[in-house]
Amino acid sequence: MSTLAEGSPMSAEPPIDRSGRSGSVGLVVLLAAALVGAALALSFLNGEAAQPWILALLAGLSVIGVFALFAGAVGLIQFASRGGRDDLGGAIAATSDEGVLVTDGGGRIVFANEAYLDLTRADGPAGARTVERVFAGNADVAEAIYRLSQAARGGKRASEEARVTLPDGRGAWFRIGVRPVERKGGRGVETIWTLDDVTRERERHENVFQELQHAVDFLDHAPAGFFAARGDGAIVYMNATLAGWLDQDLTQVGAGALTLSDVLAGDGAALVAAVPPRPGAVATEIIDVDLKTRGGRSLPARLLHAVAWAVDGTPGASRTLVLDRGPGADVSEPLRAAEVRFARFFNNTPLAIATVDARGGVERTNAPFAKLFGERLKDASGDRSIYAGLAGERDRVALEAAIAAAAGGAGDVAPVDVTLPGDGGRSARLFVTRVDDAEGGEAAVVYALDTTDQRALEAQFAQSQKMQAVGQLAGGVAHDFNNVLTAIIGYSDLLLANHRPTDPSFQDIMQIKQNANRAASLVRQLLAFSRRQTLRPQVIVLGDVLAELRMLLGRLVGEKVKLELVHGRDLWPVKADLNQFEQVVINLVVNARDAMADGGTVTIRTRNVTAAEVPAFGHRGLPAADYVMIDVEDTGSGIQEEILDKIFEPFFSTKEVGKGTGLGLSTVYGIVKQTDGYVFALSEPGAGATFRIFLPRHTAAEAEEAKPAAVAAAPQDMTGRGTVLLVEDEDAVRAFGARALASRGYDVIEARSGVEALEQMEAHGSAVELVVSDVVMPEMDGPSLLRELRKKQPDLKIIFVSGYAEDAFKKNLPDGESFAFLPKPFTLKQLVQAVKDTMGA
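The sequence shown begins at 2 in the numbering used here and counts up by one.
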């Protein structure tokens, strides 16, 4: 530590300064020896011979002297040892409070100021030592000096602080620095050491740190809780008192592990986030909420919440004082206890509540209201207004009228259904009541119920009811048409059997049969929509199915449309009717092709979707489960929003008249639904459309049911023998069936209903070997007839005939019941083949 008196001027002349001695003693001795040698040489010459040499020597010395004078005048030669030094720089270094030491390349001292001698306790200039020697025996600073010396030798600057034990036993802190300097003219590299006593600075820092530690300790153990948070709600500090209340680990605070939603129960975080902004200012709000402990227990508290707002209204850092208002706190006063109970009821009710003034300005909200409306309560001026949270002008007008009525004293105000702005189409129902004891500017109380899910369910239920009603109608129509088509196709077969191909009428009959088959195809599509068609499900891998179908799809889309298949990896198996699934893909691809008259791209994508991923798709009505997803996407003109909900309805089509039946998408809908899957249409006008199908994942543990084929390949011999009871309420179908079977050698007994069939069985007894019965009949249907027949003839064989799917009536039969099935419409060969196969079994 320096012993110089404070305020006394320091000498500009340093105690040690050898920086100006650039000459050499050896050169001086050599020059003197040369002159003496020249004089001795001249002494041996006689006067006349020495005369020219003496004159030449004197002339040379004169020239050297004149040259030296001129060189000194212009500064080329320095006559004094200090003339080449920077006097100002030297004076600054000499008078510096910081000790300065300069050593040359050999470690010799070149310069040292008075402060350095004082700090190193040197006894005058003669006692000056280098820094390494000063601290050589001091273990506390030896390592630091070594690192600094190494840095200097490497041509680097360095600085360190070290604690030094002084000779008198006292400790002191020194800041030691080193830097190499290269002198001009190639005179070598010198090292500048600086030494400064920073003991007082260190002591001041330690005192400040101790005071800060005391302040933190006081805050940590204060009788109130405290926390600080960033603008995004992440808690960066929490005192020990609050951590104890919440049973939180303080090591988790500050690393982003805790947020406001972690410590505030219910929607308390939304209530804190709804504090009205005050741009460019610090706003303090009093908020009554429930805290949430790590174990889930609630603790009532009052927050004194201060937020620093940016100029643009963005929330910044917040500081919050937390007052415990729980049972153990000092809330014994009846008024205060009632206030705590009210705050808890007000914020924890599932009903969103707010008070508003006559202009719709929001005065006070509870947590559910803040969560429901959120940032939408801020209008253009930055004030909180309930009208800013509405999507349409019509909703605003209706709510203004309701608030005006309540402010005027009306006691019965009709609820208002409103739509909230933003994505997702959220909606709410608002109930407005008057305020009898208004405080401040409060004019009405608004209660809000989130009706988004309710409206979605209502719309979904209405759509489901509509589709079900249309499906029942389509199924009923299809059933009746099947009876008609069965008769047409059957009688066509009877006529064709009696006409040769050369007969002029043969082609006319073929045209009748072909058009009947086309009509049967349309009926099958209606049955597919109504989910009453017969499916033969099997375990399939969609990637393999689509790969095999690609060539056909390529021909369907043509040259102007590009087809792309993007297969997901390791697709799960699904269980579906292979032919029907191919029909689904074909219908969607053809539909996409027709939407791109000028060409484009059809992309088919497949991937696995886990149950955890289902909510991210946002499809209402899609339960969480494992699915295989198929997307059929086009780059066409898209589908208008107003018709998006109608595209799966039968006979609805946007194509020109004559260019479509309107049954393609309805068929897709029915097949997917009957396979227990889901189909959704996604589109934006001008941005193409995507049809997304979810088929449930099939697991090998499920029981596989081998269903008999509806029709086997036609054998060569179509004749047979035996007695067949034919039960059919449609006369035309029954007559055709009887003639077809009789023409092939069977004895046929006819019955118009199930009751008549029982009478025929009583009359013929065991002679009947097979019963061919319609399923849907008046008085007694097919399954009821079967149960009655089984009572007397348990082994009687039966074939059910129906235009509906086999599964539609199988559930009405006892478990394990054996029967064959023949779907309508059927041909003569199909009927005879089914009878022959069943009787021969």
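Cβ coordinates follow ideal geometry from the N, Cα and C atoms, glycine included.
- Query: What are the start and end residues of the alpha helix (DSSP H) that includes Gly555?
  - Reply: Here the alpha helix (DSSP H) through Gly555 covers Leu543 to Val558.
- Would you mind working out which of Met630, Leu259, Ala682 and Asn484 sits nearest Leu645, comparing C-alpha positions? Put simply, of Met630, Leu259, Ala682 and Asn484 the residue whose alpha carbon is nearest the alpha carbon of Leu645 is Ala682.
- Under a three-way DSSP split, which group does Pro697 fall into? Pro697 falls in the strand class under three-state DSSP.
- Query: If we ignore side chains and look at the alpha-carbon of each, how far apart do Glu614 and Arg693 end up?
  - Reply: Glu614 and Arg693 have their C-alpha atoms roughly 15 angstroms apart.
- Task: Could you spell out the range, first to last residue, of the beta strand (DSSP E) harbouring Glu161?
- Result: DSSP places Glu161 inside the beta strand (DSSP E), whose first and last residues are Ala159 to Thr166.
- Using the rule of at least 16 other Cβ atoms within 10 Å of the residue's Cβ for burial, across every protein chain shown, is Gln675 buried or exposed? Classification of Gln675: buried, given that the 10 Å Cβ count is 16 or more.
- Item | Closest Cα partner of Val629 within the set Ala498, Ala517 and Leu572 | If we check each option's Cα against that of Val629, Leu572 comes out closest.
- Item | CA-to-CA distance, Arg279 to Asp384, given in whole angstroms | Answer to the nearest angstrom: the Cα atoms are 9 angstroms apart.
- Task: From the DSSP output, in three-state form, read off Phe136 for me.
- Result: Looking at Phe136 - three-state DSSP - the assignment turns out to be coil, as it is neither helix nor strand.
- Task: Take Arg164 as the anchor and find which of Leu373, Leu196, Glu183 and Leu727 has the nearest alpha-carbon.
- Result: If we check each option's Cα against that of Arg164, Leu196 comes out closest.
- Rounded separation between Val778 and Ser767 - CA only: Note that residue 778 is Met in the sequence shown here, rather than Val. Near 24 angstroms, if we compare the C-alpha coordinates of Ser767 and Met778.
- Taking the alpha-carbon positions, what's the Arg83 to Arg205 distance? Per-residue confidence for Arg83 stands at a pLDDT of 46, beneath the threshold of 50, marking its modelled position as unreliable; the derived number appears in the next sentence. When rounded, the distance between both Cα atoms is 43 angstroms.
- Task: Spell out the partners DSSP gives Lys576 in its beta bridges.
- Result: Paired residues: Val540.
- Once you ignore the five residues that flank Ile631 on each side, which residues in its own chain have a CB closer than 6 angstroms to its CB? Thr607 and Ile694.
- Message: Can you tell me where the beta strand (DSSP E) holding Tyr628 begins and where it ends?
- Response: Here the beta strand (DSSP E) through Tyr628 covers Tyr628 to Asp635.
- Message: Measuring only the C-alpha atoms, how far is Leu829 from Gly622?
- Response: Leu829 and Gly622 have their C-alpha atoms roughly 45 angstroms apart.
- Task: Output the residue ranges of the alpha helix (DSSP H) runs that lie fully inside the region 574 to 609 and measure 4 residues or longer, sorted by chain position.
- Result: Counting only runs of 4 or more residues that sit fully inside the region 574 to 609, the alpha helix (DSSP H) segments are 579 to 595, in chain order.
- Query: Could you give the residue range of the beta strand (DSSP E) that holds Thr720?
  - Reply: Looking at the DSSP string, Thr720 is not in any beta strand (DSSP E), and its letter there is neither H nor E.
- Task: Could you have a look at Gly128 and say whether DSSP puts it in helix, strand or coil?
- Result: Here Gly128 sits in helix by DSSP.
- For Gly362, does the three-state DSSP call read helix, strand or coil? The answer is strand: DSSP assigns Gly362 an E or B state.
- Item | Terminal residues of the beta strand (DSSP E) in which His306 lies | Run containing His306: Ser299 to Trp310, per the beta strand (DSSP E) assignment.
- Query: Counting Cβ pairs, one atom from each stretch, are 3 or more of them under 8 angstroms apart for the region 773 to 788 and the region 749 to 756?
  - Reply: Flag = yes, the region 773 to 788 and the region 749 to 756 touch.
- Task: Could you tell me whether the Cβ of His568 comes closer than 8 angstroms to any Cβ of chain C?
- Result: In the structure shown, chain C cannot be found, because there is only a single protein chain.
- Does the distance from the C-beta atom of Val323 to that of Ala225 stay below 8 angstroms? In this structure, Ala225 lies closer than 8 angstroms to Val323 by Cβ.
- Message: Would Ala353 and Tyr238 be called neighbours here (beta carbons separated by less than 8 angstroms)?
- Response: Against a cut-off of 8 angstroms, the Cβ pair of Tyr238 and Ala353 comes out as no contact.
- Who pairs with Val567 in a beta bridge, going by DSSP? Answer is Arg606.
- Item | Phe737 - DSSP class collapsed to helix/strand/coil | Secondary structure of Phe737 (DSSP, three-state): helix.
- Which residue comes first and which comes last in the beta strand (DSSP E) that contains Leu787? Segment Gly783 to Lys793 is the alpha helix (DSSP H) holding Leu787; no beta strand (DSSP E) there.
- Task: Have a look at Arg148 and Ala258 and give me their C-alpha separation to the nearest angstrom.
- Result: Their backbone Cα atoms lie some 41 angstroms apart in a straight line.
- Query: With burial defined as no fewer than 16 other Cβ atoms inside 10 Å of the residue's Cβ, what is the status of Ala355: buried or exposed?
  - Reply: Burial call: buried.
- Message: In this structure, how does DSSP classify Ser638 when only helix, strand and coil are distinguished?
- Response: Here Ser638 sits in coil by DSSP.
- Could you check what DSSP says for Arg456 in three-state terms: helix, strand or coil? Here Arg456 sits in helix by DSSP.
- Query: So the alpha helix (DSSP H) Pro369 belongs to, where does it begin and stop?
  - Reply: The continuous alpha helix (DSSP H) containing Pro369 extends over residues Ala368 to Phe374.
- Message: Determine whether the beta carbon atoms of Thr131 and Gly108 lie at a separation below 8 angstroms.
- Response: Thr131 places its beta carbon less than 8 angstroms from that of Gly108.
- Message: Please classify Gln249 as buried or exposed, where buried requires at least 16 neighbouring CB atoms within 10 angstroms.
- Response: The residue in question, Gln249, is buried, as its Cβ has 16 or more Cβ neighbours within 10 Å.
- Pull up the distance between the alpha-carbon of Leu292 and that of Asn240, whole angstroms please. Spanning the two alpha carbons is a distance of roughly 15 angstroms.
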